[in-house]
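Contents: one structure, followed by commentary.
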Amino acid sequence: MTVYVILRITVHDPDKLKAYQKVAPAIIEQYEGTLLARGGEVVSLEGSTDNRRTVIIEFPTMEKAKSFYRSPEYTDAILLRKGAAEFEVMVVEGFA
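If you want the working numbering, it's the position in the sequence shown, counting the first as 1, plus 1462.
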């Protein structure tokens, strides 16, 4: 079943975050993920929103998404973003 990793990001240091942004896409692809949305404009249609960036990544299975997040490569990438941004990361199942 397709799943979606959703990241909500509050950026504190855009320059420092660039190191993470350079390596993350290749790691996502390595685990069969596809970037669907990355930091584009967010428009609230109901309720309120904030200025956090939103990233949506599609994976073919929950296991692939978890393997990506727990991989040694991504663990190293997480270290690159420390102090640059705060991340909220969740996985949502799609329809069967």
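For every residue, glycine included, the Cβ atom is placed at its ideal position computed from N, Cα and C.
Note that the coordinates shown come from a computational prediction; the quantities given were computed from them, not determined experimentally.
Answer with buried or exposed for residue i, where buried requires no fewer than 16 other C-beta atoms within 10 angstroms of its C-beta.
i     : result
L1469 : buried
V1467 : buried
I1490 : buried
Taking the continuous alpha helix (DSSP H) assigned at residue i, which residues delimit it?
i     : result
Y1531 : M1524 to R1532
Since residue i sits in a beta bridge, which residues does DSSP pair it with?
i     : result
R1470 : T1516 and E1550
V1465 : F1521 and E1555
Just to confirm the assignment, what range does the beta strand (DSSP E) spanning residue i have?
i     : result
L1479 : Unbroken run through L1479 is the alpha helix (DSSP H), P1476 to Q1492; no beta strand (DSSP E).
L1497 : T1496 to R1500
Based on Cα-Cα distance, which residue from the options lies nearest to residue i?
i     : options                       : result
Y1531 : E1550, T1516 and R1515        : E1550
A1488 : F1557, A1546, E1508 and A1539 : A1539
Tell me which same chain residues have a C-beta within less than 7 Å of the C-beta of residue i, skipping the five on either side of it?
i     : result
A1527 : V1465, V1467, F1521 and V1553
I1518 : Y1466, I1468, L1498 and A1499
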